[in-house]
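Using this note's numbering, you'd call the opening residue of the sequence shown number 1284 and step up by one each time.
A virtual CB, placed ideally from N, CA and C, is assigned to each residue, including glycine.
Reading through the structure tokens given below for one structure.
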Amino acid sequence: MFNQIQVSLEKLYEKLSGWVSDFILALPNILVALMVMGISYFLAQYLRKGVQKAMLKTTKNRTVTSVISSMVVAAFIVVSLFIVLNILNLSDAVTALLGTAGVIGLAIGLALQDPLTNLFSGVMMSVRENFNIGDLIETNGHFGTIQKITLRSTVLVTPEGQQVVIPNKSVIQNPLTNYTVSRQRRVDIDCGVSYNDDLQKVRKVAIQAIANADIDRDKSRPIEVFFKAFGGSSIDFTLRFWNNSTYQKDFLESRNDAIIALKKAFDENDITIPFPITTLDFGIEGGVRLDELFPLEKRSLNGNGHN
């Protein structure tokens, strides 16, 4: 019994001695690994500040700069960790970590595909700066003013006051109309005049009416009138001019004032905006009067006959 205990103690001593020897032999590598970890920690702080400073030159969105700098620092720390493990001769652990990271990364990527797509879309939108908060845009069938841009979604407020949240992926992958970027909006008014009116006079009166109206329009651009079709009861035209404001309320007010001015000018100059008219044509050559088709005597006889 005593001999067995003595043998066990000797084996324990040998193992501990081996561990101490291995530790002493690995001590230089451990010191180097600790130095690398310390240097990596301080470099990570400077790297974060450097990335944020560089990103602020591209975009003013601090959320984007914070996310990107954190991602860069995380990648740097992972690389530093692999270097430390290699210094400590733990190559098997590095291989296992790489394999595990690959599997975990694939699983996370599949599970968070849409959120990650929206995240990177938000980063791209912030860097490219296609639009800003306060711009009036139309996208994905929604029309409104941008209230907020996050890394996941773009928030619009419609003219009716409703809030619309659109995923960034949908915004960046679909056509987008920005009404603010040009700083002007064109006002188009469709109208029609009678076939009996002088079209040259109509054009002159319409242009003069808009020119004399109290409308905040761009006077460097001409007021235009284009006749476009022979309608069922009128000759149709489009009047257009440019508004100096891109706000929806200003656009509606300019169109409202233009319609009032146009109607008033047409009334003062005896220009008719006709109602829809239906013409019954009883002849191939342009129409025949009813009394020519049915003389009074025949109509009287037919009437007596029915009585």
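| Which residues in the same chain as residue 1447 place their Cβ atom closer than 8 angstroms to its Cβ, once the five residues preceding and following it in sequence are excluded? | Taking the first residue of the sequence shown as 1, we reach residue 1447 at position 164. Within the same chain, residue 1447 has close Cβ partners 1425, 1427, 1438, 1439, 1440 and 1441.
| Helix, strand or coil at residue 1546 according to DSSP, with G and I counted as helix | Along the sequence shown, one-based indexing puts residue 1546 at 263. Correct three-state label for residue 1546: helix.
| Counterpart residues of residue 1436 in DSSP-defined beta bridges | For the purposes of this step, residue 1436 is taken as the residue at position 153 of the sequence shown. Partner(s): 1450.
| Proximity to residue 1489 [Cα-Cα], best of 1434, 1332 and 1476 | Position 206 of the sequence shown holds residue 1489. Cα-wise, what sits closest to residue 1489 is 1476.
| Beta-carbon contacts of residue 1432 that lie in its chain and below 6 angstroms, excluding the five residues immediately before and after | Translated into positions along the sequence shown, residue 1432 becomes position 149. No residues qualify anywhere along the chain.
| Is it buried or exposed for residue 1520, if we count other Cβ within 10 angstroms and need 16 for buried? | As a working note, residue 1520 is residue 237 in the sequence shown. Flag for residue 1520 reads buried.
| task | Find out if the Cβ-Cβ distance for the pair residue 1506, residue 1522 is shorter than 9 angstroms. | result | One-based indexing of the sequence shown puts residue 1506 at position 223. One-based indexing of the sequence shown puts residue 1522 at position 239. In this structure, residue 1522 lies closer than 9 angstroms to residue 1506 by Cβ.
| said: Taking 8 angstroms as the limit between beta carbons, can you name the residues of its chain near residue 1534, skipping five residues before and five after? | reply: Here residue 1534 refers to the residue found at position 251 when the sequence shown is read from its first residue. Result list for residue 1534: 1468, 1470, 1526 and 1528, in chain order.
| Is there contact between the region 1355–1362 and the region 1324–1333, where contact requires at least three CB pairs shorter than 8 angstroms? | Yes, they touch.
| query | So the beta strand (DSSP E) residue 1476 belongs to, where does it begin and stop? | reply | Mapped onto the sequence shown, residue 1476 falls at position 193. It spans 1468–1476 - the beta strand (DSSP E) in which residue 1476 sits, taken as one unbroken run.
| Which of helix, strand or coil does DSSP assign to residue 1367? | Start at 1 with the first residue of the sequence shown, and residue 1367 comes out as number 84. It is helical.
| Range of the contiguous alpha helix (DSSP H) that encloses residue 1484 | The residue given as residue 1484 occupies position 201 in the sequence shown. Start and end: 1482–1495.
| request: Indicate the three-state DSSP secondary structure (helix, strand or coil) for residue 1312 in the structure shown. | output: In the sequence shown, counting from the first residue as 1, residue 1312 sits at position 29. In the structure shown, residue 1312 sits in a helix (DSSP, three-state: H, G or I).
| task | Within its chain, find whatever has a CB closer than 8 angstroms to the CB of residue 1320; leave out the 5 residues flanking it on each side and keep chain order. | result | Indexing the sequence shown from 1 puts residue 1320 at position 37. Excluding positions up to five away in sequence, the list reads 1363 and 1367.
| message | For residue 1517, tell me which candidate among 1430, 1555, 1340 and 1314 has the shortest Cα-Cα distance. | response | On the sequence shown, residue 1517 is found 234 positions in, with the first residue counted as 1. With distances taken between Cα atoms, residue 1517 lies closest to 1555.
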